[in-house]
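**Student:** So the sequences go chain by chain: B and P.
With this note's numbering applied, the first sequence corresponds to residues 1 to 333, in that order.
With this note's numbering applied, the second sequence corresponds to residues 1001 to 1333, in that order.
Number of protein chains: 2
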Amino acid sequence: MEKQTITIYDVAREASVSMATVSRVVNGNPNVRPDTREKVLKVIEKLDYRPNAVARGLASHRTTTVGVLIPDITNIFYASLARGINDVATMYKYNIILASADEGKHKTDAVLQSIMAKQVDGLIYMGQHVDDSTRKELDRGKTPVVLAGTVDPQDKFGSVNIDYVAAIKEATSRLIASGNQRIAFVTGPLSDPINGQFRLKGYQEALSDAKIAYDESYVFETEYSYRAGEAVWDAVKRAGVTAAVVTDDELAVGFLNGARDAKVKIPEDFEIITSNNTMLTEIVRPKLTSIAQPLYDIGAVAMRLLTKMMNKEEIDQKTILLPHSIITRNSTK
Amino acid sequence: MEKQTITIYDVAREASVSMATVSRVVNGNPNVRPDTREKVLKVIEKLDYRPNAVARGLASHRTTTVGVLIPDITNIFYASLARGINDVATMYKYNIILASADEGKHKTDAVLQSIMAKQVDGLIYMGQHVDDSTRKELDRGKTPVVLAGTVDPQDKFGSVNIDYVAAIKEATSRLIASGNQRIAFVTGPLSDPINGQFRLKGYQEALSDAKIAYDESYVFETEYSYRAGEAVWDAVKRAGVTAAVVTDDELAVGFLNGARDAKVKIPEDFEIITSNNTMLTEIVRPKLTSIAQPLYDIGAVAMRLLTKMMNKEEIDQKTILLPHSIITRNSTK
DNA sequence: TGATATACTGAAAACGATTTATTTTCAGTA
DNA sequence: TACTGAAAATAAATCGTTTTCAGTATATCA
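Written out as structure tokens, the structure reads:
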């Protein structure tokens, strides 16, 4: 009494055609006479036949599945990228195998391997810096890879980002323009090239342009979280700065609340600019001035680029920079 | 010069054993002599053999993959559940095929079908009410399904929730206890049984216990979003209530900010209790008093339940209620 | 020592599709 | 009426595993 699964063979038999013909109908191959197509479709409907994607994947070497590596799904920044990725993937009929890699280095490799074993047609990689073992894993097949909101200094993969140097430079310059001489740079791990190479550079360039000496003790390296932001406030304040550029919204919000809970007036006594323009910047009071990154689009464009690579289409630009801007709200004068 | 893929056959030949033996080694089947196992493992290592999960899935009828349907990945509530799901899934070596179903009804069906076509071993369903066509789709196979943070009145699937009636009743009672007689109930679609049947009931019971007449005009049905919260404030205020129970944090935060931007003092002039105790409740000022749901655990327990169902283990309880509480913060007196 | 049980191993048949190489069909032309 | 070539259809190989079943080696016991 087991519910019998209907295979392409059943359809073929019932429609008195070969499996190949059924396969053509299912895949929209034009080399089928309209009346045979009709006949086959009728049988498919009648038997409620559903092609088995696993068998299909084995036979065709295409799974119509892409892997997505995300550091932390509850971080709105990454979740926003994921939304863009998801929408475009759905549009192009790909399914997403999602893997969260928040559990430290070792896990990342294992998780990546399990995804590759599933024969994904492509991979989107977000977040952490691509280290050697990861790179090795990514290199072994010919699976196309696109980094979203992530840079690889070796520039081997496709990638979609904003110009971090310019963005942070503008933000810093704005704080300088409103009279701040001592500005903190509060960021995540400097081991990530986005922070350590690009953003830091933007920060330094802005100072340099304004003839302000770079002071390493104004750089605060912590992690991307609300708690970390609350926690780092004291140290920043003690350093004697009057403003801060923060590179993550959760971090910035924690930082802001740390300041406010310490009765510091924002922006009168202290100015803050954050980096991702997520919903959080609008939720807190005062609302946070922020660099605006097109989060959804970064994800969407990354996925679109990946589809091109998977189709082996000609790619004109595999390293894409999307435009950014600065949205002024109430955490700056 | 194509990079040749190494198959189980290559390993077998190189190790002078049969494919069956290699398969046994790979799958940890104990019926292999230690020295043969050793020999095979050596060859696997040498050739850097990686089993093809697709072929495996076809042959074994198990894909070690579960589908996860999420309404909106950028909503922290669902993202938190997803985190719990992900962690347990990883622990049990399952990969997750994630599908976001925010694009309205029609899409949900298509997406669900594409997931089922991938032969997932199980499915976690979050969010929207399970409607007829969805139910039909879920019924056609014998794929186990668990609802997380979602109830099905027909109680056909596994599910993990809190006791919504009790939780909202407690919250409402607390507002009554602090002197409020006219309390708004601000919620998402009442078509979702969680809102329409359970939460509403809890609200009504609390009123009834306090001998307060239920007034339908105090019930505000909107959607789960920050904007919706901001927008609904005016209407709620006009209704002349002095407190509100809100059933989603983003909604509550928008509502709170709507109130504050209108210069209403919280909690002195208006009290608010929200429902999900996400990070948002701590981020805003004043911090929001909230029903605390064990979000991560709801996801984790749901996934754990699903693993049991997939293993055909005996299930003692397929409808699980996790404990809740109320965290008092500063949006209530 | 022989019989019997038990532990290993291997050959080959699935699994459910796609794809390749052939064959058949069917207008259209000579 | 015979022939041709494109279009349509088929048979069979293939994808990379697991699994079944049968067979062989090894161990155990009397």
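By construction, the Cβ of each residue, glycine as well, lies at the ideal position given by its N, Cα and C atoms.
Given the structure is predicted, the values throughout are model-derived calculations rather than measurements.
Please report the distance separating the alpha-carbon of Glu1223 (chain P) from that of Asp248 (chain B).
**Tutor:** The straight-line gap from Cα to Cα measures roughly 28 Å.
**Student:** Can you tell me the Cα-Cα spacing of Pro153 (chain B) and Ile194 (chain B), whole angstroms?
**Tutor:** Rounded to whole angstroms, Pro153 (chain B) to Ile194 (chain B) spans 9 Å at the Cα level.
**Student:** At 4 residues or longer, and completely inside the segment 1283 to 1320 of chain P: list those alpha helix (DSSP H) runs for me, N to C.
**Tutor:** DSSP runs (the alpha helix (DSSP H)) wholly in the segment 1283 to 1320 of chain P: 1295 to 1310.
**Student:** Which residues bound the beta strand (DSSP E) around Thr1090 (chain P)?
**Tutor:** Element bounds for Thr1090 (chain P): not the beta strand (DSSP E) but the alpha helix (DSSP H), Ile1076 to Met1091.
**Student:** Tell me which same chain residues have a C-beta within less than 6 Å of the C-beta of Lys1039 (chain P), skipping the five on either side of it?
**Tutor:** The answer, listed in chain order, is Ala1015.
**Student:** Quick one: Cα of Gly1127 (chain P) to Cα of Asp297 (chain B), how far?
**Tutor:** Rounded to whole angstroms, Gly1127 (chain P) to Asp297 (chain B) spans 25 Å at the Cα level.
**Student:** Between Met1001 (chain P) and chain B, is any beta-carbon pair separated by less than 8 Å?
**Tutor:** The predicted model places Met1001 (chain P) with a pLDDT of 40, which falls under 50 and marks its position as unreliable; any figure quoted below should be read in that light. Output row for Met1001 (chain P): interface = no.
**Student:** Contact criterion: CB-CB distance below 8 Å. Does Ala1262 (chain P) meet it with respect to chain B?
**Tutor:** Judged by the 8 Å Cβ criterion, Ala1262 (chain P) is not in contact with chain B.
**Student:** Scan the segment 216 to 249 of chain B for residues whose Cβ lies nearer than 9 Å to a Cβ of chain P and list them as they occur along the chain.
**Tutor:** Within the segment 216 to 249 of chain B, the residues whose Cβ lies closer than 9 Å to some Cβ of chain P are Tyr226, listed in chain order.
**Student:** Just to confirm my understanding: we take Tyr1164 (chain P), look at its own chain, exclude 5 residues before and 5 after, and list those with CB closer than 7 Å. What are they?
**Tutor:** Around Tyr1164 (chain P): Ile1194, Phe1198, Arg1199 and Gly1202.
**Student:** Applying a beta-carbon distance threshold of less than 9 Å, which residues of chain P neighbour Pro144 (chain B)?
**Tutor:** The contacting residues do not exist; Pro144 (chain B) stays about 14 Å from chain P at best.
**Student:** Exposed or buried, which one is Pro1144 (chain P) when buried takes at least 16 other CB atoms within 10 Å?
**Tutor:** Answer is buried; the Cβ neighbour count reaches 16.
**Student:** Under 8 Å, Cβ to Cβ, is there at least one residue of chain P near Asp10 (chain B)?
**Tutor:** With 8 Å as the cut-off, Asp10 (chain B) does not count as an interface residue toward chain P.
**Student:** Would you verify that the beta carbon of Gly1127 (chain P) is, or is not, closer than 8 Å to some beta carbon of chain B?
**Tutor:** Not closer than 8 Å to any Cβ of chain B, the Cβ of Gly1127 (chain P) fails to qualify, so no.
**Student:** Have a look at the DSSP bridge pairing and note the partners of Ile336 (chain B).
**Tutor:** The structure shown does not extend to residue 336 (chain B), since chain B spans only 1 to 333, so no value can be given for it.
**Student:** Drop a sphere of 10 angstroms on the beta-carbon of Ile315 (chain B), count the other beta-carbons inside from all chains shown, and report buried for 16 or more, exposed for fewer.
**Tutor:** Flag for Ile315 (chain B) reads exposed.
**Student:** Where do the ends of the beta strand (DSSP E) carrying Gly254 (chain B) lie?
**Tutor:** From DSSP, Gly254 (chain B) is part of no beta strand (DSSP E) but of the alpha helix (DSSP H) over Asp249 to Asp261.
**Student:** Taking only beta-carbon positions, decide if Asn1086 (chain P) is within less than 8 Å of chain B.
**Tutor:** So yes, Asn1086 (chain P) belongs to the interface.
**Student:** In this structure, what does DSSP give as the bridge partners for Ala1244 (chain P)?
**Tutor:** In the DSSP output, where bridge partners are listed per residue, Ala1244 (chain P) has P:Ala1184 and P:Ile1272.
**Student:** Whose Cβ in chain B lies nearer than 7 Å to the Cβ of Ser1275 (chain P)?
**Tutor:** Neighbours of Ser1275 (chain P) on chain B: none; closest Cβ ~17 Å, over 7 Å.
**Student:** Indicate whether Leu69 (chain B) and Tyr125 (chain B) have their beta-carbon atoms separated by less than 8 Å.
**Tutor:** Contact: yes.
**Student:** Quick check on Asp1192 (chain P): buried or exposed, where buried means 16 or more other Cβ atoms within 10 Å of its Cβ?
**Tutor:** Flag for Asp1192 (chain P) reads buried.
**Student:** Give a yes or no on whether the minimum CB-CB distance between Arg285 (chain B) and chain P is below 8 Å.
**Tutor:** Chain P, which has a Cβ nearer than 8 Å to the Cβ of Arg285 (chain B), makes this yes.
**Student:** Between the Cα of Ile1291 (chain P) and the Cα atoms of P:Gln1119, P:Glu1045, P:Pro1051 and P:Thr1332, which residue gives the shortest distance?
**Tutor:** Among P:Gln1119, P:Glu1045, P:Pro1051 and P:Thr1332, the Cα nearest to that of Ile1291 (chain P) is on P:Thr1332.
**Student:** By how many angstroms is the C-alpha of Ala1020 (chain P) removed from the C-alpha of Thr7 (chain B)?
**Tutor:** Their backbone Cα atoms lie some 26 Å apart in a straight line.
**Student:** Anything in chain P within Cβ reach of Thr90 (chain B), meaning under 9 Å, just list it in chain order.
**Tutor:** Going along chain P in sequence order, the residues near Thr90 (chain B) (Cβ under 9 Å) are Ala1099, Ser1100, Glu1103, Lys1107, Ala1110, Val1111 and Ser1114.
**Student:** Spatial neighbours of Leu1112 (chain P) within its chain, please: CB distance less than 6 Å, with the 5 preceding and 5 following residues excluded, ordered by chain position.
**Tutor:** So the list reads Glu1137, once near-sequence residues are dropped.
**Student:** Rounded to a whole number of angstroms, what is the C-alpha to C-alpha distance between Ile44 (chain B) and Arg1135 (chain P)?
**Tutor:** Approximately 21 Å, taken between the alpha carbons.
**Student:** Distance cutoff 8 Å, beta carbons only. Does Ser60 (chain B) sit that close to anything in chain P?
**Tutor:** Chain P, which has no Cβ nearer than 8 Å to the Cβ of Ser60 (chain B), makes this no.
**Student:** If you reduce the DSSP assignment to three classes, tell me which class Leu190 (chain B) lands in.
**Tutor:** Looking at Leu190 (chain B) - three-state DSSP - the assignment turns out to be coil, as it is neither helix nor strand.
**Student:** Can you tell me which of the three DSSP states Phe220 (chain B) falls into?
**Tutor:** Note: Phe220 (chain B) maps to strand in three-state DSSP.
**Student:** Could you compute how far the alpha carbon of Glu1002 (chain P) sits from the alpha carbon of Lys169 (chain B)?
**Tutor:** Confidence in Glu1002 (chain P) is poor, its pLDDT being 49 and thus under 50, which makes the residue's placement unreliable; the coordinate value appears in the next sentence. Rounded to whole angstroms, Glu1002 (chain P) to Lys169 (chain B) spans 45 Å at the Cα level.
**Student:** Against chain P, does Val54 (chain B) count as a neighbour if the rule is that its beta carbon must be under 8 Å from one of theirs?
**Tutor:** Val54 (chain B) counts as touching chain P.
**Student:** For Ala235 (chain B), collect the residues of the same chain with a Cβ closer than 8 Å to its Cβ; drop the 5 residues on either side in sequence, then sort them by chain order.
**Tutor:** Taken in chain order, the residues that qualify are Phe220.
**Student:** Going by beta carbon distance, what residues of the same chain come within less than 7 Å of Leu321 (chain B), once the five residues before and after it are set aside?
**Tutor:** Here the set comprises Asn161, Ile162 and Asp163.
**Student:** Is there a C-beta anywhere in chain B that falls below 8 Å from the one on Ser1331 (chain P)?
**Tutor:** Not one chain B Cβ lies under 8 Å of Ser1331 (chain P).
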